[in-house]
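Heads up, the thing below is written out as structure tokens.
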Amino acid sequence: MNDDAITRLTIEELLAAQHAGTLRATDIIAAYLTRAAAVNPRINAIVARDDAAARAAAQAADAACAAGGWLGPLHGIPLTVKDWIDVAGLPCTMGEERHRDRRPADDALAVARLRAAGAVVLGKTNVAIENALFGRTRNPHALGYSPEGSSSGEAAAIAARCSAGGLGSDSGGSIRQPAHACGIVGIKPSAGRVPLTGHAPFISALNDPRTVIGPMARTVADAARLLAVIAGADASDPSTAPVPLDDWRAQSLRGVRVAWYTHHAEADPPPPVVAACVRAADALAAAGAHVVQRLPPRIEEAWPITRDYWARPESLDAGQWLPDGPARLSSMAVERHLFVWDRFRRAMSQFMQHVDLILTPTAERPAARFGSPGGGIPYTLPYSLTGQPAVSVPAGLSDDGLPIGVQVVAARWRDDLAVAAAAVIEAAGGGWCDPPLRSA
Numbered sequence: 005m006n007d008d009a010i011t012r013l014t015i016e017e018l019l020a021a022q023h024a025g026t027l028r029a030t031d032i033i034a035a036y037l038t039r040a041a042a043v044n045p046r047i048n049a050i051v052a053r054d055d056a057a058a059r060a061a062a063q064a065a066d067a068a069c070a071a072g073g074w075l076g077p078l079h080g081i082p083l084t085v086k087d088w089i090d091v092a093g094l095p096c097t098m099g100e101e102r103h104r105d106r107r108p109a110d111d112a113l114a115v116a117r118l119r120a121a122g123a124v125v126l127g128k129t130n131v132a133i134e135n136a137l138f139g140r141t142r143n144p145h146a147l148g149y150s151p152e153g154s155s156s157g158e159a160a161a162i163a164a165r166c167s168a169g170g171l172g173s174d175s176g177g178s179i180r181q182p183a184h185a186c187g188i189v190g191i192k193p194s195a196g197r198v199p200l201t202g203h204a205p206f207i208s209a210l211n212d213p214r215t216v217i218g219p220m221a222r223t224v225a226d227a228a229r230l231l232a233v234i235a236g237a238d239a240s241d242p243s244t245a246p247v248p249l250d251d252w253r254a255q256s257l258r259g260v261r262v263a264w265y266t267h268h269a270e271a272d273p274p275p276p277v278v279a280a281c282v283r284a285a286d287a288l289a290a291a292g293a294h295v296v297q298r299l300p301p302r303i304e305e306a307w308p309i310t311r312d313y314w315a316r317p318e319s320l321d322a323g324q325w326l327p328d329g330p331a332r333l334s335s336m337a338v339e340r341h342l343f344v345w346d347r348f349r350r351a352m353s354q355f356m357q358h359v360d361l362i363l364t365p366t367a368e369r370p371a372a373r374f375g376s377p378g379g380g381i382p383y384t385l386p387y388s389l390t391g392q393p394a395v396s397v398p399a400g401l402s403d404d405g406l407p408i409g410v411q412v413v414a415a416r417w418r419d420d421l422a423v424a425a426a427a428v429i430e431a432a433g434g435g436w437c438d439p440p441l442r443s444a
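Per my numbering, the very first residue in the sequence shown carries number 5; after that it's consecutive.
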């Protein structure tokens, strides 16, 4: 099998080929390193690599296999990691000049869990679409377009077959938005599902309860496999909870109640985005779900809540979001902010007593040209505020060939149900398609 064919295989297929003896881990890693060397200069997705360490890890995987062993559920699988998440020995810059020389001695806990499962870390991926340190990441579907969101490098690398999967992080859509723009799968787990230990030092579950680490991959099954490895409570992050992650493959959609919507006060998507959501709703209905068009309460409050959160003086690095720096809110204003946020969460919790899933577009529009406004986060932000699990899955292409994703949201801790629904949508005609790397 040639290198190009190897990089087209899913994680599940790569594992099966190694079990069958038709591929070695060293073959897989060599193919991905070759692909990254050829493609990454065009998209600028991977910003730090350690090829020697990757090859050594692959050799260790092959040696274990030759001795009759198996390293785990990610044996020999090449992955990348967003440059807000620590990887031992590689820079963790967050795209900022002041962190250029920061090299953590330890892996983030999620990265350590991937390695313990047999994964091979290829490198770190760019953040925030463009930054002063590494420059602009380009969308592999059309190089003049944005990959959207702060996990943009991760999404672009995976979509372009420079990585089989990896880790992003999400505070309001930063896994789901790039997944939508680049045509891959992104899972925002339930808040508290995956430890944040080793995430960028200015973000933790204590100063930003919206933030989660989650998996990104080209298929739902691959992303779910990564989630199963990184999930689980740990004492290093007291915000995590020991809630089991159920098997999504055992979850039927028969009788599941689905509310879907495309429009609300902050979102007016064009017909191709609406059509993708309608197709997804039809796919869920065909699988036995009870699907109704219904808007959850208070959706329009999500952005004001977040704006007020960033305005708190104790919101670390708020100055990067607010042009005048963190505002000095009065104690009464902070109390009002917390009241509104809690009211929003209670309203959504009550809504989820009557439905099992929510289906929406992931973004208002497909990826935007550089210099044009993007689709914003009117669909993704609300479910960051509530801590609910959400999956963005490809659901088609726009008329000009840009991916369109839809988002499936479940009640907190029902990550399995959201993943199962995303798999149904994927099987009905969504899913990854190889990006053309066109220059337009």
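Just so you know, even glycine gets a beta-carbon here, dropped at the ideal spot from N, CA and C.
Within the same chain, show all residues whose beta-carbon is closer than 8 Å to that of residue i, passing over the 5 residues directly before and after it, in chain order.
{"i": "ASP66", "result": "ARG28, ALA29, THR30, GLY80"}
{"i": "ARG104", "result": "PRO95, THR97, LEU137"}
{"i": "ILE133", "result": "ARG140, THR141, SER150, PRO151, GLU152, GLY153, SER154, SER156"}
{"i": "PHE374", "result": "ARG140, GLY148, TYR149, SER150"}
Please list the terminal residues of the continuous alpha helix (DSSP H) segment that includes residue i.
{"i": "PRO82", "result": "Taken as a continuous stretch (DSSP letters only), PRO82 belongs to no alpha helix (DSSP H), being part of the beta strand (DSSP E) at 82-86."}
{"i": "ARG229", "result": "224-234"}
{"i": "VAL278", "result": "275-290"}
{"i": "ASP8", "result": "7-12"}
{"i": "VAL115", "result": "113-120"}
{"i": "ILE15", "result": "15-24"}
Can you look up residue i in the DSSP assignment and give me helix, strand or coil?
{"i": "TRP264", "result": "strand"}
{"i": "GLN392", "result": "coil"}
{"i": "PRO398", "result": "strand"}
{"i": "HIS103", "result": "helix"}
{"i": "ARG472", "result": "As shown, the chain starts at 5 and ends at 444. That puts residue 472 outside it, with no answer to give."}
{"i": "TYR36", "result": "helix"}
{"i": "GLY157", "result": "helix"}
{"i": "TRP325", "result": "Low local confidence applies: a pLDDT of 40 at TRP325 is under 50, so the model's placement there is unreliable, and no value is given."}
{"i": "THR364", "result": "strand"}
{"i": "GLN297", "result": "strand"}
{"i": "ALA337", "result": "helix"}
{"i": "ILE303", "result": "helix"}
{"i": "ARG180", "result": "helix"}
{"i": "ASP346", "result": "helix"}
{"i": "ASP110", "result": "coil"}
{"i": "PRO317", "result": "In this prediction, PRO317 scores a pLDDT of 47, lower than 50, which makes its location untrustworthy; the coordinate-derived value is nonetheless stated afterwards. In the structure shown, PRO317 sits in coil (DSSP, three-state: anything other than H, G, I, E or B)."}
{"i": "ARG253", "result": "helix"}
{"i": "ILE89", "result": "strand"}
{"i": "TYR149", "result": "strand"}
{"i": "ALA204", "result": "coil"}
{"i": "ALA164", "result": "coil"}
{"i": "ALA271", "result": "strand"}
{"i": "VAL247", "result": "coil"}
{"i": "VAL198", "result": "coil"}
{"i": "LEU126", "result": "strand"}
{"i": "MET442", "result": "It should be pointed out that residue 442 corresponds to Arg in this sequence rather than to Met. ARG442: strand per DSSP, three-state reduction."}
{"i": "ASP238", "result": "strand"}
{"i": "ARG28", "result": "coil"}
What are the boundary residues of the beta strand (DSSP E) that residue i is part of?
{"i": "ILE133", "result": "No beta strand (DSSP E) holds ILE133; DSSP gives it neither H nor E."}
{"i": "ALA221", "result": "216-221"}
{"i": "LEU171", "result": "169-174"}
{"i": "VAL359", "result": "Run containing VAL359: none; DSSP gives neither H nor E here."}
{"i": "ALA189", "result": "The sequence shown places Val at residue 189, not Ala. Counting along the chain, the beta strand (DSSP E) containing VAL189 begins and ends at 189-192."}
Looking only at its own chain, which residues have a Cβ that is under 7 Å from the Cβ of residue i, when we skip the five neighbours before and after it?
{"i": "ASP111", "result": "ASP90, VAL91, ALA92, ARG119, GLY202"}
{"i": "TRP345", "result": "ILE309, LEU389"}
{"i": "ALA287", "result": "VAL428, ILE429, ALA432"}
{"i": "ALA109", "result": "ALA92"}
{"i": "TYR383", "result": "ALA271, THR364, PRO365, THR366, ALA367, GLN411"}
{"i": "ARG302", "result": "PHE348, ALA351"}
{"i": "ALA424", "result": "TRP252, GLN255, LEU257"}
Please work out which residues of its chain come closer than 6 Å, Cβ to Cβ, to residue i, disregarding the five sequence neighbours upstream and downstream, and give them in chain order.
{"i": "GLY190", "result": "ILE179, ARG180, ALA183, MET220, SER396"}
{"i": "ALA414", "result": "LEU361, PRO393, LEU421, ALA422"}
{"i": "GLU318", "result": "Reliability fails at GLU318, whose pLDDT of 48 lies under 50, so the model's placement of it is uncertain and the value that follows must be treated cautiously. Excluding positions up to five away in sequence, the list is empty."}
{"i": "ASN135", "result": "GLY99"}
{"i": "VAL44", "result": "It is Asn, not Val, that sits at residue 44 in the sequence shown. Closer than 6 Å at Cβ, skipping near neighbours: ILE50, CYS166."}
{"i": "VAL278", "result": "THR266"}
{"i": "ARG369", "result": "GLY379"}
{"i": "ALA293", "result": "LEU257, VAL260, VAL262"}
{"i": "LEU75", "result": "ALA65, ALA68, GLY122"}
Is the Cβ of residue i closer than 8 Å to any Cβ of chain C?
{"i": "SER178", "result": "Looking for chain C here will not work: only one protein chain is present."}
Q) Which runs of the beta strand (DSSP E) spanning at least 3 residues fall entirely within the region 405-437, listed in chain order? A) 407-414
Q) In chain order, which beta strand (DSSP E) runs of at least 3 residues are fully inside the region 46-82? A) 50-53
Q. Are the region 394-409 and the region 343-359 touching by the rule of at least three beta carbon pairs closer than 8 Å?
A. no
(Q) Check whether the region 165-174 and the region 82-89 touch, using three or more Cβ-Cβ pairs below 8 Å as the test. (A) yes
Q | the region 258-270 touching the region 226-236, judged by at least three CB pairs closer than 8 Å | A | no
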